[in-house]
Structures are given as structure tokens and as C-alpha cells.
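Residue numbers (the numbering used here), protein chains in the order written: chain A, 438 to 524; chain B, 2 to 131; chain C, 91 to 182.
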């Protein structure tokens, strides 16, 4: 029978493993808007990790900065620069 | 007196568990349909199942469970109120967000609208429909 | 009563994790940008309901404001992307 602590560690491992391909895709993606969505997936996974580690104060700040303000700033920059990366 | 409180707690917990069971079922079905559906405009239906059936109903059920379980302490009323506020927010914002993203997708012509049987928005704008 | 509630919520947790994985599959392979926004929208709302269940499981009701904040900011991300797509259509 699984204890609750084992389940917490299993969920920590799953969310940490899922944040790795999201970060890699956000780095190598040519479409900057898709990179923004992958970055939002990574911050959502980190939200679950911070919640499981019993840090609700960090969750309150991290969601506002990482999903709210960072995506707002990046979309404002994408409007100026253009959506597709070219070099 | 004590038996009555115990009975009411059990009734409230059973109702909450039925609601959470419905919510888990809707959530799993929405996740499967999000994989299986072929088109963006059809996937909006899966989002509605996932947000209303999969998030509002379990939030109300969790509020009822928190009301009926005394082992959580006095702060269980705080948890129940917070869960009801979350249910209200998702009930309003889920529909508003899906309408906004569908309208933007249609206006920007990202996804082709197919299969198309009737298209009254294009007739209102001035373009020809199907 | 306590063990009954805890066992029920522990079983319900597995289905939530399975549906999170299926949503993430759609997010990683979505053909257009709208499908990815749709997937992360559903993921965020379901995660908000999941955090309430977790705060009952932890017997710690103080953790509930995380769920309210997560709901509001996921909606904000949705509106940002919709305004970007529509503004691009308006100007060009």
C-alpha cells in the first residue's frame, strides 16, 4: 500500500521530468509564441512542485511573475520584433 | 445531539464524493477527447467539458467534503469558502477565455473552418460563407 | 470517517495525474498555436481543482489561495494571446 509521502515524491518526480522537455522546446523553438506557451507549461509544472514542497508564499509570487508579467512583457516584445526567428 | 451532527456530516460527505466522482469522469473523458478530436473548433467542446465538468463540479464537491469533515479543524470553513470562490471564477472565466481564443482564431484565419455547414459570422462581416 | 475520505481522494488523484499527462501530449504536438493555448487552459483549470483536493489531503487549509491566483493568471495568459492574434489581423 502506498503512503501519502510516496505519492508526493512520485508527483514531484513526474512534474520535474515534464518540465525538462518543455524547457528544451522553449529554447530550440523557432516560433517565439510557441516558446512562450512552452515556458508557461514549465512554470505550471514548477507551481505544482512548489505546492507539493509546502511553499504557498512562493507559489503566490511565482505564478504572478512567471505566467502573468513575463508573458505580458514577451508578447509586447514579440509585437515589436516579429513572431518568427530568422538568422 | 451528537448523533445528528455525525449523520449530517456523513450525508454531506457522500454528496461531495458523488460530485468528485462525476468530475473525475468528466476530466478523464475531456483529456481523451482532447487527443481524439480532429479540429480546433471541435476541441473547444473538449475544453468546455474539462473546465466546467472537470473543475467546477469537483471544486463544489471538495467544498462539501471540507464542510463535513471535522478532522480538518476550524479552518475548514475557510477552505470551503475558497473552493466555492474558485468554482465561481472558473465558471465565469472558462467560458470567457474559450470564446476569446475562438474569436481571435477565426478572425486571424489560423485554422480552416471545415466541415462547414453554415457560417453566419462570415455573412455578417460581409464575406461569403461556405 | 477520516480514513474513508483520505482513501477516496487518494484514488481520485491517479485519474487527475493521468488526464494531466494526456493534456500535455496534446500541448506538445498541437499543430497550431490555438490548440496549445487550449491545452494549457484546460491544464490550468484542472490543476486549480487538483490543488484544492491536495490541500484537503495535506490537512492544511491555509494552502487554498494558490488555487484562486492560478485560475486568474491562466485566464490572463489566454487573453494576452487572443489580443495578440486579433491585433495582428487588425493592423495588416
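Quick reminder that beta carbons are idealized off the backbone N, C-alpha and C, glycines included.
### Message
What would DSSP say about residue 168 of chain C, mapped onto helix, strand or coil?
### Response
helix
### Query
What number of angstroms, rounded off, separates the C-alpha of residue 460 of chain A from the C-alpha of residue 505 of chain A?
18 Å
### Task
Take residue 59 of chain B as the anchor and find which of B:46, B:32, B:20, B:45 has the nearest alpha-carbon.
B:20
#### Entry: Contact the segment 32-39 of chain B vs the segment 106-116 of chain C: 3+ CB pairs below 8 Å
yes
### Query
Among C:141, C:118, C:171, C:122, which residue has its Cα nearest to the Cα of residue 509 of chain A?
C:171
#### Entry: Closer than 8 Å to chain A by CB, residue 103 of chain C
yes
### Message
Since residue 67 of chain B and residue 81 of chain B should fall inside the 8 Å C-beta cutoff, what is the C-beta to C-beta distance between them, to a whole number of angstroms?
### Response
5 Å
### Task
Note down the Cα distance separating residue 96 of chain C from residue 481 of chain A, rounded to an integer number of angstroms.
25 Å
### Query
Applying the criterion that 16 or more other CB atoms from any shown protein chain within 10 Å of the CB defines a buried residue, is residue 523 of chain A buried or exposed?
exposed
### Task
Could you work out which residues of chain C lie near residue 508 of chain A, taking near to mean beta carbons separated by less than 7 Å?
167, 170
### alpha helix (DSSP H) runs wholly inside the segment 456-492 of chain A, at least 4 long, in chain order
469-489
### Query
By Cβ distance, which residues of its chain are closer than 7 Å to residue 152 of chain C, with the 5 residues on each side in sequence left out?
none
### Message
On the DSSP letters alone, give me the boundaries of the alpha helix (DSSP H) that residue 124 of chain B sits inside.
### Response
121-126
### Task
Taking only beta-carbon positions, decide if residue 123 of chain C is within less than 8 Å of chain A.
yes
### Task
Would you identify the three-state DSSP class for residue 118 of chain B, choosing helix, strand or coil?
coil
### Message
Quick check on DSSP: helix, strand or coil for residue 521 of chain A?
### Response
strand
### Message
Taking its Cβ as the centre, do 16 or more other Cβ atoms sit within 10 Å of residue 91 of chain C, making it buried, or is it exposed?
### Response
exposed
### Task
Answer yes or no: does any C-beta atom of chain B fall closer than 8 Å to that of residue 126 of chain C?
no
### Task
Compute the beta-carbon to beta-carbon distance between residue 43 of chain B and residue 123 of chain C, rounded to the nearest angstrom, for a pair I have assumed lies under 8 Å.
Actually they do not touch by this definition, with Cβ atoms about 17 Å apart.
### Message
Under 8 Å, Cβ to Cβ, is there at least one residue of chain A near residue 182 of chain C?
### Response
Caution is warranted here: a pLDDT of 46 is assigned to residue 182 of chain C, below 50, making its placement in the model unreliable, and the coordinate value is therefore given only provisionally. Taking Cβ atoms only, chain A never reaches closer than 8 Å to residue 182 of chain C, which makes this a no.
### Message
Check whether chain A comes within 8 Å of residue 107 of chain C, counting only Cβ atoms and requiring the distance to be less than that.
### Response
yes
#### Entry: Closer than 8 Å to chain C by CB, residue 472 of chain A
no
### Task
Determine the direct distance from the alpha carbon of residue 94 of chain C to that of residue 148 of chain C, and round the result to whole angstroms.
15 Å
### Message
Is the beta carbon of residue 484 of chain A closer than 8 Å to that of residue 500 of chain A?
### Response
yes
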